[in-house]
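First the structure, in the form of structure tokens, and then the observations on it.
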Amino acid sequence: MPIGDMLLRSVDDSQINTVFPKTFEEYKKWDKEKDQLPPEPVYKALFEELAYGEKVKVGRALTRMNYSKSGWKSLIKKTSREIKKVVRKDEFPESYKSFLIETNEKWADPSYWYAVGQMVNNQTPIYYYNAVDRTYDENQNVVQQNEDRRVYVKTWIKTFKVSIYVTLFCLILGFPVAHLLANLPLRYSNLLRIFVLLPFWTSLLVRTTAWIIMLQQNGVINGVLVWLGIISEDGRIQMVYNETGTLIAMTQILLPFMILPLYSVMRVIPKSHMRAAQNLGAKPALAFWKVYLPQTIPGMSAGGLLVFVLAIGYFITPELVGGKDGKLIGSWIAYHLKTTLNWGLCAALGAILLGIMLVFYWLYNKIVGIDNIKLG
Amino acid sequence: MALPSYATPVQRTYYYAYLFFCAVVFFFLVAPLIAIIPISFSVSPFMVFTDEMLSWPPDPDAWSLRWYKNMIGNCSADVVSSTVPCSNKWMIGTVNSFFIGFIATFIATTLGTLAALGLSRPHMPYKGLIMAILISPMIVPLIITAAGMFFFYARINLVYSFTGIILAHVALATPFVVITVTATLVGFDMNMVKASQSLGARPVRTFFKVIMPLILPGVISGALFAFITSFDEVVIVMFMGSLDQLTIPKQMWAGIRQEISPVILCMATCLVVLSILLLTTVELLRRRSEKLRGITSR
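Respectively, the protein sequence lines represent chains A and B.
Following our numbering, the numbering of the first sequence begins with 6 at its first residue and continues without gaps.
Following our numbering, the numbering of the second sequence begins with 146 at its first residue and continues without gaps.
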């Protein structure tokens, strides 16, 4: 239910329509081929709606208008001040059009009016275009954002890159450990399982803090390296507040999610299979590759999917460990939700993320079947 | 898992390399958690191992409880330092965290247990669909769930209230209860329900006298999972909590972003200890439940 609401939000554009209904009504009648500027009724409707509109509602609408073309907000604010003056004196102008153009020559600039075209409908895809760095130009064509405003595509790519790396690292580190746990006698493996489960049960923030302590420039790892003489006192490595830090911390935090599904799959693979393969003449490496590995695929894919999906929506750790340019897409969602209050864009980013995840689940379901997910 | 006696030297090398690799990974998993514990007892306001702390024999002046005193809101002169603020925020956060955690756990455990019981009936219609919806908060990235809930709660005016936070935590925690209880129900013999009813027990009595004792280990470990989920949760609290609705994770987040101080490490140490306790309980319960159901592990 909340997710459905979010999907609605991402295309919802009705708020502004409740503020300027008449203006938009008249606007739709404007024949752009014939007249360069909208006809008189449009200006008249706008004048009235600005003069008598509720201040809070108009303010919110202005924020929305600024998303399609910056400059709207200040233009309307200045104009409505003039309008209020006129209304107070009770001197209504003869031609609203020339009055508005007189107060601010921007009203004669058709590009502002073209931007209105994006807002007249109740639904809009603009947030989705914004989420992939696209916007509208004057003629309602979808174009790339200006160079300096293109951030999302880069962030999407980075999010994918980090998630894929983290998944790979988790697989490489997790596979041998799961194998060891699955093959040791239960007495030892139960003890070693604690090592895996402890981070799993510990607060995310505790682990993130711990990594900051470990990785910072005068932190534990650098201290040990200096003490061992591997690096000099001045050559301490910057490992935190950049992508390296994010990768290391996220790998450790998500590793249990890889080990546990792998472990539960490996535990039920009979040991006799490997022996049989070797008995039939296969070298250990070949037996492993041909007999053991294929049987672990459900575990690997379950773990991989879990780690990837968790990594792609990660927000706390990259935000704290990643530093200035460590932001992943989750950080932007939080930023728009809490700081800029651009909820439409926030919902659109979330919806795209959700779509990506659904594709992955669908693929996973095709390949392995979704009910193989277990909690250790 | 030991090497056979006829292993060749090459195999031996591989085997030891493999063991070494696993040891490194275990170290990688646990070391950060262990490392913060001694630092939290340091005198210095910087979060590092000072030279005095590493000296041998141990130097008592290098160790202190001053940050722990700070954490519980004891701001006496020997505790206060110019760089580390002292307030009772941590204690407020602790109270709130436990409050939210307990209520959310109670609701989630009740709902989750009932859902699991219903889902484990053989003739339940739309089982797959219901299960998928129930566990969806667990597999959808938290940020999406949190954003969706924020929008939804904003419409019905639950944002910035404890009710909203608790309900959101219930939604997050219920899947864990459902999964653990369903796992316990795998070995459950439905004939016992029939037996109890044929002996004249009403459904409620059957539930409390027959079903409940048998699935109790699963319910408790589900409840612990639910509690830790709510207790650790920060994204929802950040989105939906107002400024004075502090919880431990939120306070830690704020601490890491603004005033990184050893007090955070004291709280972190407490949380590590808490998670060790919970983990041990869950492990013991798991073994007990396996014994109860007669599933002998190898």
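Beta carbons: idealized from backbone N, C-alpha and C, even for Gly.
- Under the Cβ criterion (8 Å, minimum of three pairs), the segment 395-404 of chain B does not count as touching the segment 190-199 of chain A.
- According to the DSSP assignment, glutamate 238 (chain A) belongs to no alpha helix (DSSP H), since it is labelled neither H nor E.
- Looking only at A:Leu325, A:Phe200, A:Gln283, A:Thr84, the smallest Cα-Cα distance to serine 420 (chain B) is reached by A:Phe200.
- Under the three-state reduction of DSSP output, serine 209 (chain B) falls in the coil class, being neither helix nor strand.
- In the DSSP assignment, phenylalanine 251 (chain B) falls within the unbroken alpha helix (DSSP H) covering 234-264.
- With fewer than 16 neighbouring CB atoms inside 10 Å of its own CB, proline 267 (chain B) falls in the exposed class.
- For a Cβ distance threshold of 8 Å, residue set Phe173, Leu174, Pro177 of chain B lies close to glutamine 257 (chain A), ordered along the chain.
- For the segment 284-301 of chain B, residues whose beta-carbon sits nearer than 9 Å to a beta-carbon of chain A comprise Ile284, Val285, Pro286, Leu287, Ile288, Ile289, Thr290, Ala291, Ala292, Gly293, Met294, Phe295, Phe296, Phe297, Tyr298, Ala299, Arg300.
- It is roughly 27 Å from the alpha-carbon of valine 338 (chain B) to the alpha-carbon of leucine 429 (chain B).
- In the assembly as shown, tryptophan 232 (chain A) is an exposed residue. Its beta-carbon has fewer than 16 other beta-carbons within 10 Å.
- The beta carbon of leucine 423 (chain B) falls within 7 Å of a beta carbon belonging to chain A, placing the residue at that interface.
- Residues of chain B whose Cβ lies closer than 7 Å to the Cβ of isoleucine 218 (chain A) are, in chain order, Ala180, Ile181, Ile184, Met192.
- Contact note: alanine 307 (chain A) does not reach chain B at a C-beta cutoff of 9 Å; the least C-beta distance is about 11 Å.
- For cysteine 167 (chain B), the chain A residues whose C-beta falls within less than 8 Å of its own C-beta are Pro181, Val182, Leu185, listed in chain order.
- Within chain A, the C-beta atoms nearer than 7 Å to that of aspartate 377 (chain B) come from Ser208, Leu209, in chain order.
- Using a 10 angstroms sphere on the CB of glutamine 396 (chain B), the tally of other CB atoms reaches 16 or more, which defines it as buried.
- Excluding the 5 residues flanking it on each side, glycine 224 (chain A) has same chain C-beta neighbours closer than 6 Å at Ile218, in chain order.
- When C-beta distances to chain B are compared with 8 Å, the residues of the segment 313-325 of chain A below that value are Val314, Leu315, Ile317, Gly318, Tyr319, Phe320, Ile321, Leu325, in chain order.
- Cβ neighbours of phenylalanine 313 (chain A) within its own chain (closer than 6 Å, five residues either side excluded): Ser168, Thr172.
- Between alanine 253 (chain B) and valine 315 (chain B), the CB-CB gap stays under 7 Å.
- Apart from the 5 residues on each side of it in sequence, alanine 291 (chain B) sits with its Cβ closer than 7 Å to the Cβ of Val380, Ile381, Phe384 in its chain, given in chain order.
- Contact annotation for tryptophan 161 (chain A) against chain B: no contact, minimum CB-CB distance about 14 Å [criterion: below 9 Å].
- For the options A:Leu368, A:Gln257, A:Trp216, the alpha carbon positioned closest to that of glutamine 243 (chain A) is the one of A:Trp216.
- In summary, tryptophan 161 (chain A) is buried, with 16 or more beta-carbon neighbours lying within 10 Å of its beta-carbon over all protein chains present.
- Assignment of alpha helix (DSSP H) within the segment 308-366 of chain A, counting only whole runs of 4 or more residues, yields 321-326, 334-340 in chain order.
- Note that the segment 342-354 of chain B does not touch the segment 410-417 of chain B; fewer than 3 beta-carbon pairs, one per stretch, sit closer than 8 Å.
- In summary, tyrosine 271 (chain B) is exposed, with fewer than 16 beta-carbon neighbours lying within 10 Å of its beta-carbon over all protein chains present.
- Contiguous alpha helix (DSSP H) elements confined to the segment 170-225 of chain A occur at 191-206, 209-220, taking only those with 4 or more residues.
- By DSSP's assignment, serine 187 (chain B) forms a beta bridge with B:Trp208.
- Residue burial is scored here from C-beta neighbours: proline 362 (chain B) has at least 16 other C-beta atoms within 10 angstroms and is therefore classed as buried.
- Boundaries of the alpha helix (DSSP H) harbouring phenylalanine 372 (chain B): 357-377, taken from the DSSP string.
- Not a single CB atom of chain A sits nearer than 7 Å to the CB of alanine 371 (chain B).
- Note on geometry: alpha-carbon atoms of valine 91 (chain A) and alanine 313 (chain B) lie some 50 Å from one another.
- Setting aside the 5 residues that flank it on each side, isoleucine 278 (chain B) has no residue in the same chain whose C-beta is closer than 8 Å to its C-beta.
- Pairing alanine 183 (chain A) with isoleucine 264 (chain A) gives a Cβ-Cβ distance under 7 Å.
- Threonine 392 (chain B) has its alpha-carbon roughly 29 Å from the corresponding atom of leucine 350 (chain A).
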